[in-house]
Structure formats: C-alpha cells, structure tokens
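Below: the structure, in structure tokens.
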Amino acid sequence: MKYHILTWGCQMNEHDSEVLSGMLEEMNYTRTEKLNEADIIILNTCCVRENAEIKVFGRIGQLKHLKHKNPNLIIAVCGCMTQQKGVAEKIAKNFPYVDLVFGTYNLDNFPELLQKAVQSKTTFIEVLEKEEKIIENLPVSRADNLKAWVTIIYGCNNFCSYCIVPYVRGRERSRLPKEIIKEVERLAEKGYKEITLLGQNVNSYGKDLKTEIDFSGLLKELNKINGIERIRFMTSHPKDFSDSLIFTIKECKKICEHIHLPVQAGSNKVLKMMNRHYTKERYIELVEKIRSEIPECSITTDIIVGFPGETEEDFQETLDLVEKVEFDSAFTFVYSKRTGTPAATMPCQVDERIKKNRLERLMDLQNRISKQKNQLLKGKTVEVLVEGYDKSKKGKLFGRTRTNKLVHFDGSKELIGRLVNVKITNPKTWTLDGVINQD
Ligand code: SAH
Ligand code: SF4
Ligand code: F3S
C-alpha cells in the first residue's frame with residue numbers, strides 16, 4: 145500500500161506532514177512520488193492567503209478522475225483550511241468523493257480517523273473546536289537526513305489583525321523542554337547535523353509552562369548536544385526579541401547568525417492597525433542592536449503591502465524602511481482578506497491593481513538590495529553545510545551558509561553532510577557560486 149502527501153503552507157505544516165508520514169509508515173504504507181500509484185492521498189492545507197485556498201480546491205477537483213480509476217483510493221484533507229467555519233462541510237458537499245476531513249488539533253488521531261473513514265459511506269468529518277494537549281512521541285518520517293524540523297511551540301496568541309493562524313492553530317502551547325531535548329538528542333544520534341526550531345512565535349516559548357525556562361534557556365540547553373552542528377529557529381516576533389536572546393545567539397557557537405524577523409510594514413499607523421505592538425523606530429533599533437552585537441548576522445523579513453487603509457505615503461514608509469534596514473532577503477505578500485479576522489471588515493480596502501503595483505515596486509527594491517548584500521561576500525570564505533548534489537546544475541554540490549544563503553560549488557558527493565569552507569566567487573541575487581577552499 146502506498147501513500148502520497150501534498151503539503152501547502154509553512155514549515156509547521158511540512159513537519160505535520162512528516163508526522164503523518166511516520167504514522168502511515170507504521171501502518172505499513174510506503175511513500176510514492178506518483179499520485180496515480182497511491183492508495184491514499186492526503187492534502188495538508190494552508191489558508192493564510194486566499195490563493196493558497198484556491199490552489200487546494202483546484203487540486204481536490206483534479207483528484208476526481210483518480211478516484212474513478214481506483215474506487216478504493218482514500219482521499220483525506222487536513223490542515224489549517226479545514227479549521228475554518230464551514231470549510232469541512234463545503235468540501236464534503238462539493239467533493240463527495242473525499243473520504244476524510246480532519247483538523248489541526250487531532251492530527252495524532254489520524255490512524256483511528258482513517259479507520260472510521262474507510263467504514264463510512266459519506267465523507268467522514270472530525271474537526272475539533274479546541275486544541276488538545278500536546279501528544280509526544282508520535283512517529284516521524286523526515287524528508288531529510290541531515291536537517292530536521294523540531295516544533296517547540298504550537299499556536300499563536302498574537303492576533304495580528306490580518307492573520308488567520310491564531311484561529312486555526314489555537315493558543316500557544318509550549319512543549320516541555322525535556323521532550324525537546326530528548327528529541328534533539330535522538331536526532332543527533334541518528335546523524336542529523338542541523339535542527340530548525342519551529343513556532344509561529346518562538347520568542348514566546350515557555351511562557352505558558354510552569355518551569356522557569358524561556359527561549360534563550362532552551363537554546364542554551366540544545367547548544368550542548370553533541371553531534372548537532374547548527375541550530376536555527378523561526379519565526380521571531382520583534383516585540384518579544386529580548387537582549388538575552390541576542391547574547392545567547394552571540395555566545396552559543398551552534399546557533400546560526402540568521403534571524404527571520406517579520407516587520408510587515410514601515411508605517412506606524414499601519415503597524416498599529418495590524419496589532420503588531422512595535423513601531424518602525426523600535427524595529428530599527430532592534431536591528432541595530434542585533435548588528436552591533438552580531439555583525440555578520442543576516443536578517444530576513446516578511447512584508448505585506450496593501451493592508452486596509454495603507455496610503456501611498458504609508459507604502460513609501462515601507463520602502464524607506466527596507467532601504468534603511470537592508471534585509472538580506474524578504475518574503476513579500478499582497479494583503480489577502482481572511483474572513484473572521486478584524487482586518488477583513490476594516491474600511492478602505494486597497495484596490496487590487498494598486499496592491500500589485502506596490503508589490504512590484506517593493507520586490508524591485510528588495511532584489512537590488514539582496515544583490516548588493518550578496519556582492520559584499522565576493523572573495524570571502526564562508527562555512528557551508530553540504531546538503532546535496534544538484535543534478536540540474538551540472539553536478540554541483542549545494543549547501544547553506546550559517547547566514548542561510550544557498551551556495552553552489554564543485555566537489556565530490558562524499559562531502560555531503562560535512563562542513564566545508566567555500567570561497568564565494570560569484571554572488572547573485574538569490575544564490576552564491578563558490579569554490580571549495582583547499583587550505
Ligand atoms: N508567525 C509568523 C508567520 C505567519 S504566516 C509571523 O508572525 O511572522 C507568514 C507570513 O504570511 C506573515 O509573516 C505575513 O507576512 C503573511 N501573512 C499572514 N496573513 C496574511 C494575509 N492575510 N495576507 C497577506 N499576507 C499574510
Ligand atoms: Fe499570524 Fe501574527 Fe501570529 Fe504570526 S504572530 S502567526 S502573523 S497572528
Ligand atoms: Fe498556513 Fe497554517 Fe502555516 S495557515 S502558514 S499552514 S500555520
């Protein structure tokens with residue numbers, strides 16, 4: 145029996161798919177890359193922006209013919225989209241050939257839900273309204289054998305006014321430090337070299353626990369684990385980024401010099417409407433503090449254009465901030481109305497054409513800055529963790545710098561999994577070309 149999982153959305157969702165894979169493999173399913181070979185297809189969905197949803201509905205539609213060919217095929221839909229009001233019922237109504245719909249709070253129950261779905265004649269739906277307690281020790285089948293994702297905190301308490309995540313992922317729930325440490329120790333034993341700690345706001349880690357530990361404390365513990373060479377984390381909320389965290393990154397050798405620090409907008413009026421709890425000035429101050437303590441640190445961000453009420457002047461402030469901060473790279477988005485969030489009903493929604501135009505101008509600026517920043521690396525030697533062999537690039541090796549930049553270089557496959565020094569010869573906008581340093 146074979147399975148195939150399609151995943152949309154963030155790394156948390158990618159990691160949830162690794163857990164689903166783990167459970168399926170315990171049920172003796174094996175992974176297949178081919179949809180038409182699969183006995184079960186799971187769609188793990190995202191609803192952070194409308195286009196993510198449109199893609200999912202399109203995809204469910206495309207699966208109808210596979211079900212015709214193989215009536216025993218099981219189709220399941222899970223993830224954030226299903227937690228929204230009425231979506232599970234809409235799927236069952238419009239796509240009656242879907243066997244199972246389940247939400248984000250009962251992922252651990254998947255084997256049982258699958259059983260029930262097989263026995264049910266109609267679409268079996270189980271979407272819980274409230275988050276359950278964290279279930280540990282679920283099986284995981286990871287996509288990579290060098291780098292691993294480790295979720296440290298589920299949910300989000302921030303309620304940024306545009307964002308659906310708190311409604312579909314529930315309140316913040318931190319995993320116990322001992323569980324995280326145990327998981328990372330096991331990963332190290334298995335030969336994993338790099339871990340990325342995941343959470344919608346990793347800086348909140350521990351606030352909901354009875355123990356004293358905070359995010360810095362957790363990082364210090366993980367930094368001690370032998371075998372792990374690199375520690376990354378995302379996402380950090382600027383309002384909670386403490387001085388102690390800056391010093392922890394500076395002190396702990398394994399923690400990589402890269403911070404993903406979504407700014408979202410450059411106008412204080414818009415930031416307030418977004419419910420972000422910081423000003424442009426405070427954000428810039430934070431970046432300056434990080435750079436003064438960790439000069440080599442790369443800083444990346446997320447930016448939304450066209451939030452309700454954003455004027456040309458507000459947008460200009462975003463461009464000014466981008467110019468001033470000089471991000472290494474940025475994910476840029478057009479504001480997307482999410483039903484149920486406060487911003488969806490705010491007045492002065494911005495015209496689609498204006499939003500697109502702002503996005504293009506922002507991307508042009510950021511691309512120019514990314515290229516300039518990368519140019520500074522020309523001739524420099526950087527540490528790269530060799531991740532793999534890129535067939536499309538004429539057999540080149542690839543890997544990432546500690547600052548999370550992708551590097552391509554010639555070398556033998558034996559180097560995969562090792563840390564090497566690479567001299568950057570040709571920096572580009574999104575990637576770097578280099579040669580292995582022999583000395
Ligand atoms: N917890 C993380 C990531 C949340 S989702 C954080 O706080 O940064 C990733 C990004 O999607 C966000 O940073 C934001 O830039 C974008 N995003 C979220 N909701 C959106 C919406 N309604 N429209 C457009 N972009 C959105
Ligand atoms: Fe959404 Fe804000 Fe929470 Fe990030 S911090 S997940 S943008 S509500
Ligand atoms: Fe999307 Fe859910 Fe992640 S809405 S961005 S998959 S938390």
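Taking my numbering, the leading residue of the sequence shown gets 145, the next gets one more, and so forth.
Just so it is clear, CB atoms sit at the ideal spot from N, CA and C, and this is done for glycine as well.
{"Asked": "Relative to the C-alpha of His148, which residue among Glu158, Met171, Leu187 is closest?", "Found": "Leu187"}
{"Asked": "Terminal residues of the continuous beta strand (DSSP E) containing Gly532?", "Found": "525 to 534"}
{"Asked": "Report the rounded CA-to-CA distance for Lys265 versus Ile235, giving the unit in angstroms.", "Found": "15 Å"}
{"Asked": "Check for me: the beta strand (DSSP E) holding Ser442 runs from which residue to which?", "Found": "442 to 449"}
{"Asked": "If you follow the beta strand (DSSP E) that Ile269 is part of, which residue opens it and which one closes it?", "Found": "268 to 270"}
{"Asked": "Rounded to whole angstroms, what's the CA-CA distance from Lys229 to Pro571? Just pull it up for me.", "Found": "47 Å"}
{"Asked": "Which word fits Arg546, buried or exposed, when buried means at least 16 other C-beta atoms lie within 10 angstroms of its C-beta?", "Found": "buried"}
{"Asked": "Would you please state the rounded distance, in angstroms, between the beta carbons of Phe451 and Met507? I believe it to be under 8 Å.", "Found": "Rounded, the Cβ-Cβ distance is 17 Å, inconsistent with contact."}
{"Asked": "With a cut-off of 8 Å on the beta carbons, I'd call Thr575 and Leu550 a contact; round off their distance for me.", "Found": "5 Å"}
{"Asked": "Which residues does DSSP pair with Lys291 in a beta bridge?", "Found": "Glu338"}
{"Asked": "My understanding is that Ile297 touches Ser348, with C-beta atoms under 8 Å, so please give their C-beta distance in whole angstroms.", "Found": "6 Å"}
{"Asked": "For the region 498 to 516 against the region 466 to 473, do three or more pairs of beta-carbon atoms, one drawn from each stretch, fall closer than 8 Å, so that the two count as touching?", "Found": "yes"}
{"Asked": "Drop a sphere of 10 angstroms on the beta-carbon of Pro382, count the other beta-carbons inside from all chains shown, and report buried for 16 or more, exposed for fewer.", "Found": "buried"}
{"Asked": "Given a cut-off of 9 Å, decide if Ile513 and Phe471 are closer than it, judged by their beta-carbon atoms.", "Found": "yes"}
{"Asked": "Could you have a look at Phe475 and say whether DSSP puts it in helix, strand or coil?", "Found": "strand"}
{"Asked": "By alpha-carbon positions, which one of Ser411, Arg497, Gly202 ends up nearest to Gln460?", "Found": "Ser411"}
{"Asked": "Does DSSP put Thr545 in a helix, a strand or coil?", "Found": "strand"}
{"Asked": "Would Ile278 pass as a contact of Phe239 if the rule is Cβ separation under 9 Å?", "Found": "no"}
{"Asked": "Between the region 292 to 309 and the region 337 to 353, do at least 3 Cβ pairs fall closer than 8 Å?", "Found": "yes"}
{"Asked": "I want to check one thing, is the minimum distance from the CB of Phe239 to the heavy atoms of ligand 2 below 8 Å?", "Found": "no"}
{"Asked": "The beta strand (DSSP E) spanning Asn281 covers which residue range?", "Found": "Careful: Asn281 lies outside any beta strand (DSSP E) and carries neither H nor E."}
{"Asked": "Is Gln408 helix, strand or coil when you go by DSSP?", "Found": "strand"}
{"Asked": "Write down the C-beta distance between Lys260 and Phe268 rounded to the nearest angstrom, noting that I regard them as a contact closer than 8 Å.", "Found": "5 Å"}
{"Asked": "Would you mind sorting Phe377 into buried or exposed? The rule is 16 or more other CB atoms within 10 Å of its CB.", "Found": "buried"}
{"Asked": "Would you check whether ligand 1 has a heavy atom nearer than 8 Å to the C-beta of Gln227?", "Found": "no"}
{"Asked": "Under the criterion of a Cβ to heavy atom distance below 8 Å, does Pro310 qualify as lining ligand 2?", "Found": "yes"}
{"Asked": "Tell me which residues share the same chain as Glu181 and place their Cβ nearer than 7 Å to its Cβ, disregarding the 5 neighbours each side in the sequence.", "Found": "Lys146"}
{"Asked": "Tell whether a beta-carbon distance below 9 Å holds between Ser305 and Ala487.", "Found": "yes"}
{"Asked": "Could you give the DSSP three-state label for Val242: helix, strand or coil?", "Found": "coil"}
{"Asked": "Can you tell me whether DSSP reads Asp183 as helix, strand or coil?", "Found": "coil"}
{"Asked": "Using 10 angstroms around the beta-carbon of Thr392, count the other beta-carbons present and answer buried if the total reaches 16, otherwise exposed.", "Found": "buried"}
{"Asked": "Where does Phe459 sit, in a helix, a strand or coil, going by DSSP?", "Found": "helix"}
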